[in-house]
Amino acid sequence: MRECDVWKEMSGDEFENAKEGMEKLLMNRLYPIAFCPNSTDDKEKDDILQRKTSIFSWIEERHLDIKVTEDNESFLSFAASELLKMNNFKAPRDKLICILNCCKIIFGLMKHTKSSEGADAFLPLLIYVIIKANPAHLISNVQYISRFRDPEHLRAESGYYLTNMMGAISFIETMDVHSLSITQEEFDR
């Protein structure tokens, strides 16, 4: 793209904006064939994750060793609402921004409550938000971002949050009584 006469004279920032615009234009047009393609098992994995998440919708913060505060509900509901916006967008960048917003709200809660546990507290909160939001097509969205977002933009903060999202999904997929802070008796109810 940089070799084309139209882009040659642009500054670095201008060219970066042009690449972002081009990605958005192309992916909006290719979305019907690029999102959850038939050649993958994304749809099946989405269905399994959504069923599993529904089964575990009864989970409370204490089951994931989350410190309960009076602010949890408002912050975590807001984080869930950001995650649920993902299906309103077609560009990988826009979908990734929904994940970033969700994660930043969770970190905002941790900062607000003066949590000093860092990543140890973050992942359980993200898992809890995913379970409570139960977003449709979560795996398809994450895979779409991974497949089509410029790899240069999947580093640093974006890469960290996307990796945590994948870890949270993996935890939910394999979650059982031994993954939670719960007795077998309480789990079986």
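Be aware that the sequence shown starts at 1108, since it is given in my numbering, and climbs by one per residue.
Where is the CB? At the ideal position from N, CA and C, for every residue including glycine.
Note that this is a predicted model, so its numbers are computed, not measured.
Contacting residues, own chain, Cβ-Cβ under 6 angstroms from residue i (five flanking each side not counted)
i: asparagine 1248; result: Met1193 and Lys1202
i: leucine 1207; result: Tyr1268
i: proline 1242; result: Leu1190 and Leu1191
i: phenylalanine 1294; result: Val1284
Between the CA atoms of residue j and residue i - distance to the nearest angstrom
i: valine 1236; j: aspartate 1283; result: 17 angstroms
i: phenylalanine 1255; j: glutamate 1292; result: 45 angstroms
i: cysteine 1205; j: histidine 1244; result: 14 angstroms
i: leucine 1171; j: leucine 1287; result: 6 angstroms
i: glutamate 1127; j: aspartate 1257; result: 9 angstroms
i: serine 1223; j: arginine 1136; result: 44 angstroms
i: glycine 1274; j: phenylalanine 1142; result: 21 angstroms
i: lysine 1115; j: glutamate 1259; result: 20 angstroms
i: arginine 1169; j: phenylalanine 1182; result: 16 angstroms
i: lysine 1221; j: glutamate 1180; result: 16 angstroms
i: glycine 1266; j: glutamate 1167; result: 28 angstroms
i: serine 1188; j: glutamate 1151; result: 24 angstroms
i: methionine 1217; j: asparagine 1271; result: 16 angstroms
i: isoleucine 1368; j: asparagine 1195; result: Because the chain here runs from 1108 to 1296, residue 1368 falls outside it and cannot be looked at.
i: glutamate 1123; j: glutamate 1110; result: 14 angstroms
i: serine 1146; j: serine 1253; result: 16 angstroms
i: arginine 1262; j: glycine 1119; result: 18 angstroms
i: arginine 1296; j: glutamate 1264; result: 40 angstroms
i: isoleucine 1289; j: tryptophan 1165; result: 12 angstroms
i: glutamate 1121; j: aspartate 1153; result: 37 angstroms
i: serine 1184; j: arginine 1158; result: 20 angstroms
Within-7 angstroms CB hit, residue i to chain B
i: phenylalanine 1182; result: Given the protein chain composition of this structure (a single chain), no chain B is represented.
CB of residue i within 7 angstroms of CB of residue j, strictly
i: glutamine 1250; j: aspartate 1149; result: yes
i: cysteine 1209; j: alanine 1186; result: yes
i: valine 1246; j: leucine 1156; result: The amino acid at residue 1246 is misidentified as valine; the sequence shows isoleucine. Contact flag set, yes.
i: methionine 1134; j: proline 1199; result: yes
Neighbourhood of residue i by C-beta, 8 angstroms cutoff - its chain only, sequence neighbours within 5 removed
i: phenylalanine 1163; result: Ile1238, Ile1279 and Met1282
i: tyrosine 1138; result: Lys1197
i: threonine 1160; result: Ile1237, Ile1238, Asn1241 and Ile1279
i: alanine 1228; result: Ile1173, Lys1174, Met1217 and Ser1222
i: aspartate 1178; result: Leu1216, His1219 and Thr1220
Sequence-distant residues of the same chain with beta carbon closer than 7 angstroms to residue i, five excluded per side
i: isoleucine 1234; result: Leu1171, Ala1275, Phe1278 and Ile1279
i: proline 1231; result: Leu1171, Asp1172 and Ile1173
i: alanine 1125; result: Trp1114 and Met1117
i: glycine 1215; result: Phe1182
Task: Contiguous alpha helix (DSSP H) assignments of at least 4 residues, all confined to the stretch 1151 to 1227 - done: Listed in chain order, they are 1179 to 1191 and 1199 to 1219.
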